[in-house]
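Order-wise, the sequence lines are chains A and B.
Quick note: the first sequence uses my numbering, first residue 1, plus one each step.
Quick note: the second sequence uses my numbering, first residue 1, plus one each step.
Structure record follows, encoded as structure tokens.
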Amino acid sequence: MKMYTPRYTGTVTKYVFVESPEMTPSDLAIRAYEISQGVMIKETCFGLQVTGKEEDVNRIIDSLRALDPVHIFVKDRGFPPGDTRRCRANLGGARPGYFGHEFEMGLIRFISGGLTALPSRRPDEVPEPPAPKRREGLAADRLKEIIESQES
Amino acid sequence: MANVFIFPTTSLILSDLVARFGHTPLSAAMQIREIIQTPGLESPPLQITPEDPKKGLHWAAVEVPSGVRGRMSLYGPLLERAEAAIIVNNPEYSFGCMGCARTNELLVFLVRKKKIPVLDLEYPTSDEEGREFVAAIRRFLDSLPGASA
């Protein structure tokens, strides 16, 4: 077995997704480059990946998010950009994890709508979110009846 | 600021909303980052070594398949730190092999067993549901200790 020496230790990587009628990923990338100050910015089809020291990454993301708060979404990434274990340039096909992004980006317009509507919502209004339907389990008494009916 | 466990652990929507409303989302990426930034023996792609299923014994019994125990070594530390949880039920993209499926079941079970505040949801499928989804998450997060709003 080979020894493993990690790259980019002490850094964090965050994805910035943009799904806006007024801003494209390249607009966002230009803004990010303007304030990057040594932080690694990678433009992608859906937005950006920002890699650097945590405080620098957070500073850039706060500035970017302010451009269009309800249409820009951020999440952590474990791997740095271009890592050969994840990058599709090495693996071919869609990157693992892409399908999750694809699924959620299909729903993101509902979340943007929810964020837009939030300030106009009355504070005492109880939300009724889509909740999982509860299935009634088989009651123990009923199970006992079934067993007894089979035995007799 | 509370540590909020999110399920699915890779969810963009949950991760963003939790951070946006002033709390810390506990997502899989944080654990993966920690593992791949730790020097050791090379074990691509996720640097999971034979030691990890042993660590997973803390959360899963020895007769549980090693695939589940290995995954639990990744998610277990997040569970330990969780002070609240948001669970989106039936996420289509979490569909995977038996190891993934059983780990997902075990994770949700352990979250409920921990007796922390839990918000149960489904993904929204319309504008109206989207508004209620976001409002419910906001309300839940505001009720947690250390909420900024």
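From the three backbone atoms N, C-alpha and C, an ideal C-beta is built for every residue, glycine too.
- The criterion of a C-beta distance shorter than 8 Å is satisfied by residue 121 of chain B and residue 133 of chain B.
- Under the Cβ distance rule, residue 100 of chain A counts among the residues neighbouring chain B, one pair being separated by less than 8 Å.
- The DSSP-derived three-state label of residue 107 of chain B is helix.
- Within 9 Å of the CB of residue 38 of chain B, the CB atoms of chain A belong to 4, 6, 9, in sequence order along the chain.
- Residue state for residue 42 of chain A is assigned as strand, using DSSP reduced to three classes.
- Taking every protein chain shown into account, the CB of residue 51 of chain A has 16 or more other CB atoms within 10 angstroms, so this residue is buried.
- The beta carbon of residue 11 of chain B is closer than 8 Å to those of 27, 88, 91 in its chain, skipping five residues each way along the sequence.
- For the pair residue 147 of chain A and residue 135 of chain A, the Cα-to-Cα distance works out to about 22 Å.
- Contact of residue 2 of chain B with chain A by beta-carbon distance below 7 Å is absent, the smallest such distance being about 17 Å.
- A straight line joining the alpha-carbon of residue 110 of chain B with that of residue 33 of chain A spans about 43 Å.
- Scanning its chain for C-beta atoms nearer than 6 Å, with the 5 sequence neighbours on each side dropped, one finds around residue 8 of chain B the residues 91, 94, in chain order.
- Residues of the segment 117-133 of chain B with a C-beta atom less than 8 Å from some C-beta of chain A are 120, 121, 122, 123, 124, 125, 126, 127, 129, 130, 131, 132, 133, listed in chain order.
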